[in-house]
Each structure stands twice: as C-alpha cells, then as structure tokens.
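See below for the structure under consideration.
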C-alpha cells in the first residue's frame with residue numbers, strides 16, 4: 001500500500017519535474033514557428049506618394065567601406081577635389097587616388113534611395129519605407145584602376161535586360 | 001589575412017540604394033495600392049527571398065543585390081555604409097506557381113488555383129494569383145478545364161518544358177544582343193572578354209541561358225530542361241575544365257591593360273585586365289596556377305552551373321548574411 005503510494009508520488013513528482021521543461025520546449029518550438037511565420041508574412045510598403053518630395057542628390061559609389069552612416073561634408077571635402085579631364089575623372093580621397101566614371105541607370109529603370117524612418121520594434125510588424133532620393137546616374141570610383149566595361153557595377157547594369165528576357169513571357 | 005583590420009558589424013541600416021523598373025514605381029491607381037516588399041519561397045532554393053508586388057499586385061518583381069566587398073555610398077551630404085546596389089526587376093510569377101502546381105500534381109486531379117497555392121510559411125503567396133501574368137499565362141504550364149465558370153488546373157510537364165524552352169530561346173537572343181561572354185571561361189569568373197572575337201557557339205549560349213533559367217526552377221526541372229534542350233549533361237568539371245583552361249591560357253595571349261602586380265588576387269578575379277605588356281607575360285605562369293586553383297574552388301558542386309554570370313548577384317534572402325532578412329542588414 002505505502003509502496004504504491006510512494007511510487008505514485010514519485011511519478012507525480014517526475015511529472016512536475018518534466019512538465020515545465022516540456023512546456024518551455026513546446027513554447028519555444030511554437031514561438032519559433034510563430035515568429036518565423038510572422039516574419040515571412042510581414043510586408044514592407046513602399047510609399048510611392050513620397051516620390052514627389054524626393055531630392056535628387058549627387059551619388060558616389062566608393063571603393064572602400066566607411067564605418068559610418070549619417071551626415072558628412074561631402075560637398076566641402078570630396079566633390080571640390082574631383083578632377084574631370086577629358087571624361088577621365090579622378091579624385092584624391094584619404095591620400096588614395098580614385099578613378100571614376102559616371103554610370104547611367106538602364107533604360108526603363110530609375111535609381112531610388114529607400115529610407116525607413118521608423119524602425120519596427122519587432123520583425124512581426126509591417127514596415128514602411130519612403131523614397132527619399134531619386135537618381136538616374138551616379139559616379140562610381142575605382143581604386144587606381146581606370147574604369148572600364150569589365151567593372152562589376154558596369155556589368156551589373158546589364159542585369160535588368162537579361163532579367164526581363166528570363167522572366168517576361 | 002591576419003593584418004586585415006577587423007570591421008565592426010554593420011547592424012544599423014535603414015537606407016537602401018535600389019535600381020527599380022519604372023513600371024514598379026508607377027503611381028498606384030488606388031490610394032492604398034502601394035507596392036509591397038514581401039518574402040516568398042525562392043522557387044530554386046526553397047528558402048525565403050525578397051520580392052516585390054507592384055501596385056495592386058499587378059506584377060511581381062524580384063530583388064537582387066549587387067554586392068562587392070568594401071563599398072560604401074555618398075548620397076548627397078551623407079555617408080551610407082552598406083555598399084550594396086539592389087535591383088528590382090520583373091519576374092514571371094509562373095516560376096513561383098510551378099512548385100505549388102508540381103506539389104499537388106501527384107494527385108493527378110484538376111484543382112482550383114486557390115486550393116493549390118497555399119503556403120503556411122509564406123501566406124503572402126496567395127497574392128501571386130492577382131498578378132496579370134498568372135491569369136494570362138497559366139495555361140502555358142498547366143491543362144485547363146472550365147466547369148461552371150470556375151477554372152481548374154493540372155500541371156503539365158510537356159507544356160512546362162515547351163514554355164521553358166521558349167524562355168531559353170528568348171534569353172539566348174538577349175545574350176547575343178548584349179556583349180556578355182558566354183564561353184567556358186565565364187564559369188571561373190576570371191575570364192577575358194575579347195570583344196572582336198564573338199565566336200561562341202550556339203551550345204555556349206544555350207548552356208548559359210539554361211544556367212540563368214535554372215536559378216528560377218527546381219533542380220529536377222533544370223535537369224529535365226537540359227534533356228529537353230538535347231544538351232548532354234556537363235562532364236564532371238574536374239575532367240572537363242582543366243585542359244580547356246590550360247589551352248585558353250597558352251593558345252591565346254592574355255591581354256592585360258595594367259600592371260598585374262598592383263592587384264591582389266581578389267581584385268584580379270573581379271577585374272580582368274585587357275592588354276598585356278612584356279613584363280606581364282612573365283607573370284602568365286603564376287596566372288595559370290591561380291586559375292587552376294580557381295577552377296578547383298568552383299568545380300566540385302553543380303551549383304557553379306547556377307551562377308553563370310561573371311559578376312555576382314545575390315538573392316536577397318535571410319539565408320546569406322550578405323543580404324539578411326527583409327533588407328535588415330546585420331553586417332557582413
């Protein structure tokens with residue numbers, strides 16, 4: 001009698017011991033699935049209405065990573081030193097000679113800078129981005145090498161034409 | 001490289017530079033009909049990738065990132081650290097519907113589209129049914145039956161193959177119009193473009209186009225398409241490539257415009273030089289071994305076939321840390 005009672009208590013204890021962990025695991029698993037679903041389900045709206053207010057700044061693609069996001073006095077220190085000799089652009093940036101060229105967006109394509117003003121608190125939330133700038137061309141800079149048709153960014157600009165062939169029926 | 005300075009991870013990112021198709025940013029007809037960036041299952045890899053529905057879901061666009069190491073932007077009077085350039089280009093929604101059609105094809109029944117295109121992980125996929133192309137061209141990959149005003153569909157392998165073949169033909173045409181080099185050298189990314197010699201054979205174009213299209217379909221379909229195009233499967237790259245590479249290097253003089261010594265190996269891989277001076281010819285030997293290593297690096301996986309472009313465009317998905325989830329850059 002007492003033996004079976006102890007066994008029962010032990011079982012109940014075991015159950016209690018196991019339960020929270022199981023529950024936690026279950027919740028974690030469930031939560032994970034839920035989170036994943038939500039993040040896949042969340043959408044980012046591109047507010048086209050902002051197109052009218054978008055500015056048209058000068059844009060440069062630099063051959064270095066700058067560990068900064070935010071304002072910089074580009075027009076004071078960078079653009080005045082750009083030299084344009086017979087369509088060969090060069091500039092000295094941090095003591096390095098950069099050689100650049102202008103590149104146009106492919107026909108039928110427009111360059112946009114999308115900006116998210118209010119960062120979503122979690123990845124479940126739907127987000128919005130506005131069009132802060134519009135451009136049709138930008139300047140890309142190589143470190144020392146002369147810009148040519150083999151440059152990655154020049155080749156990348158052929159992608160839209162190919163993509164349309166691949167996709168449009 | 002031990003001397004390389006460690007870069008802090010780029011965690012904060014709220015700006016993206018994109019080149020978008022004009023049709024994608026046309027003013028919506030309805031006030032709340034703005035384009036939507038969403039995640040859909042990539043029809044080739046099956047993982048979440050970034051796409052965009054145009055205004056009122058009329059068209060589907062894919063988002064690909066052109067990403068070179070060590071690049072940043074100056075946008076007006078600001079610095080933008082993330083040097084990626086995103087491309088928003090139209091994509092046929094049928095590529096995305098095919099996996100769903102094929103999944104239920106085993107049942108062999110005609111079904112309503114709404115019954116087939118269901119995905120718990122990607123609920124937005126039902127928006128695909130609103131696309132204009134879906135309604136117009138679903139008959140190209142499936143048999144159609146109309147009962148009591150409702151359309152029922154069943155996947156058709158033969159129709160799909162014909163449809164894909166037309167895509168290949170169209171891509172071949174586009175490739176011929178562009179000056180993209182489609183020869184074998186492309187596969188190693190260290191190729192030399194010789195503009196005056198456009199003697200790539202038809203098979204090179206076909207294979208290249210097949211490679212491009214294979215990025216939009218499952219591996220099984222890609223293999224079936226290869227058979228349908230009557231292209232023999234490529235020999236294992238280990239057997240096929242090294243001799244052809246060697247020949248390329250020794251037969252044709254390598255043309256280089258600038259001093260090799262200025263480049264480190266990664267620079268060289270990306271920017272193939274054009275002309276060659278006497279001093280550089282002596283470096284050709286070093287070059288050859290380098291190419292061998294490159295081919296060895298790229299060859300073992302069949303995946304190389306799926307990256308036929310000399311430059312890289314990444315799917316914007318959460319599986320690569322180069323382009324994390326929904327534009328959220330978590331550093332590289």
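Residue numbers (full-length UniProt numbering), protein chains in the order written: chain G, 1 to 169; chain Y, 1 to 332.
Glycine residues also receive a C-beta, built at the ideal position from the N, C-alpha and C atoms.
From the DSSP output, in three-state form, read off residue i for me.
i: residue 41 (chain Y); result: strand
i: residue 77 (chain Y); result: coil
i: residue 142 (chain G); result: strand
i: residue 136 (chain G); result: coil
i: residue 87 (chain G); result: coil
i: residue 101 (chain G); result: strand
i: residue 128 (chain G); result: strand
i: residue 149 (chain Y); result: coil
i: residue 61 (chain G); result: strand
i: residue 141 (chain Y); result: coil
i: residue 253 (chain Y); result: Unreliable placement is indicated for residue 253 (chain Y), whose pLDDT of 39 sits below 50; the coordinate value is still reported in the next sentence. Looking at residue 253 (chain Y) - three-state DSSP - the assignment turns out to be coil, as it is neither helix nor strand.
i: residue 158 (chain G); result: coil
i: residue 93 (chain Y); result: helix
i: residue 334 (chain Y); result: Coverage of chain Y is limited to positions 1 through 332, which leaves residue 334 (chain Y) absent and any answer about it impossible.
i: residue 19 (chain Y); result: strand
i: residue 46 (chain G); result: strand
Quick one: residues in its chain with C-beta nearer than 8 Å to the C-beta of residue i, no 5 flanking neighbours on either side, listed in chain order?
i: residue 161 (chain Y); result: 224, 225, 228
i: residue 19 (chain Y); result: 85, 86, 87, 88
i: residue 109 (chain Y); result: 154
i: residue 79 (chain Y); result: 72, 73
Rounding to the nearest angstrom, what Cα-Cα distance links residue i and residue j in this structure?
i: residue 57 (chain G); j: residue 181 (chain Y); result: 34 Å
i: residue 176 (chain Y); j: residue 67 (chain Y); result: 25 Å
i: residue 163 (chain G); j: residue 154 (chain G); result: 15 Å
i: residue 168 (chain Y); j: residue 77 (chain Y); result: 44 Å
i: residue 201 (chain Y); j: residue 178 (chain Y); result: 15 Å
i: residue 6 (chain Y); j: residue 109 (chain G); result: 36 Å
i: residue 146 (chain G); j: residue 130 (chain G); result: 35 Å
i: residue 113 (chain G); j: residue 60 (chain G); result: 13 Å
i: residue 122 (chain G); j: residue 51 (chain G); result: 27 Å
i: residue 116 (chain Y); j: residue 132 (chain G); result: 39 Å
i: residue 70 (chain Y); j: residue 152 (chain G); result: 13 Å
i: residue 203 (chain Y); j: residue 231 (chain Y); result: 8 Å
i: residue 65 (chain G); j: residue 101 (chain G); result: 19 Å
i: residue 48 (chain G); j: residue 85 (chain G); result: 39 Å
i: residue 26 (chain Y); j: residue 73 (chain Y); result: 26 Å
i: residue 250 (chain Y); j: residue 83 (chain G); result: Here residue 250 (chain Y) scores only 35 on pLDDT, less than 50, and its place in the model should not be relied on; the value that follows carries that caveat. Looking at the two C-alpha atoms, the distance is approximately 41 Å.
i: residue 75 (chain Y); j: residue 165 (chain Y); result: 43 Å
i: residue 90 (chain Y); j: residue 156 (chain Y); result: 24 Å
i: residue 31 (chain Y); j: residue 107 (chain Y); result: 42 Å
i: residue 158 (chain Y); j: residue 233 (chain Y); result: 20 Å
i: residue 40 (chain Y); j: residue 104 (chain G); result: 30 Å
i: residue 334 (chain Y); j: residue 116 (chain G); result: There is no way to answer for residue 334 (chain Y), as the model of chain Y reaches only from 1 to 332.
i: residue 163 (chain Y); j: residue 15 (chain Y); result: 38 Å
i: residue 119 (chain Y); j: residue 125 (chain Y); result: 7 Å
i: residue 45 (chain Y); j: residue 55 (chain Y); result: 27 Å
i: residue 41 (chain G); j: residue 122 (chain Y); result: 6 Å
i: residue 144 (chain Y); j: residue 58 (chain Y); result: 22 Å
i: residue 79 (chain G); j: residue 150 (chain G); result: 25 Å
Given a threshold of 16 other Cβ atoms within 10 Å of its Cβ, counted over all protein chains shown, does residue i qualify as buried or as exposed?
i: residue 9 (chain Y); result: exposed
i: residue 118 (chain G); result: exposed
i: residue 77 (chain G); result: exposed
i: residue 384 (chain Y); result: With chain Y running from 1 to 332 in the structure shown, residue 384 (chain Y) is simply not present.
i: residue 111 (chain G); result: buried
i: residue 21 (chain Y); result: buried
i: residue 53 (chain G); result: exposed
i: residue 160 (chain G); result: buried
i: residue 148 (chain Y); result: exposed
Excluding sequence positions up to five away, which residues of its chain have a Cβ less than 7 Å from the Cβ of residue i?
i: residue 81 (chain G); result: 91, 92
i: residue 150 (chain Y); result: 112
i: residue 97 (chain G); result: 90, 144
So, under 8 Å CB-CB, residue i and residue j are touching, yes? Tell me the CB distance rounded to an integer number of Å.
i: residue 209 (chain G); j: residue 63 (chain G); result: No statement about residue 209 (chain G) is possible, as the shown extent of chain G runs from 1 to 169 and does not include it.
i: residue 81 (chain Y); j: residue 68 (chain G); result: 6 Å
i: residue 129 (chain Y); j: residue 60 (chain Y); result: In fact, because the Cβ distance is near 11 Å, the residues do not count as touching under 8 Å.
i: residue 88 (chain Y); j: residue 52 (chain Y); result: 6 Å
i: residue 142 (chain Y); j: residue 153 (chain Y); result: 4 Å
i: residue 95 (chain Y); j: residue 43 (chain Y); result: 5 Å
i: residue 46 (chain G); j: residue 38 (chain Y); result: Actually they are not in contact, since the Cβ atoms of residue 46 (chain G) and residue 38 (chain Y) sit about 11 Å apart, beyond 8 Å.
i: residue 65 (chain Y); j: residue 97 (chain Y); result: Contact doesn't hold; Cβ gap of about 24 Å is too wide.
Excluding the 5 residues preceding and the 5 following residue i in the sequence, name in chain order all residues of the same chain whose CB lies nearer than 6 Å to its CB.
i: residue 100 (chain Y); result: 116, 117
i: residue 93 (chain Y); result: 60, 128, 131, 133, 134
i: residue 139 (chain G); result: 60, 100, 102
i: residue 222 (chain Y); result: 214
i: residue 137 (chain G); result: 102, 104
i: residue 157 (chain G); result: 106
Can you find a heavy atom of the ligand FAD that lies under 7 Å from the Cβ of residue i?
i: residue 91 (chain Y); result: For the structure depicted, the ligand FAD is absent and the ligand set is empty, with no information on it obtainable.
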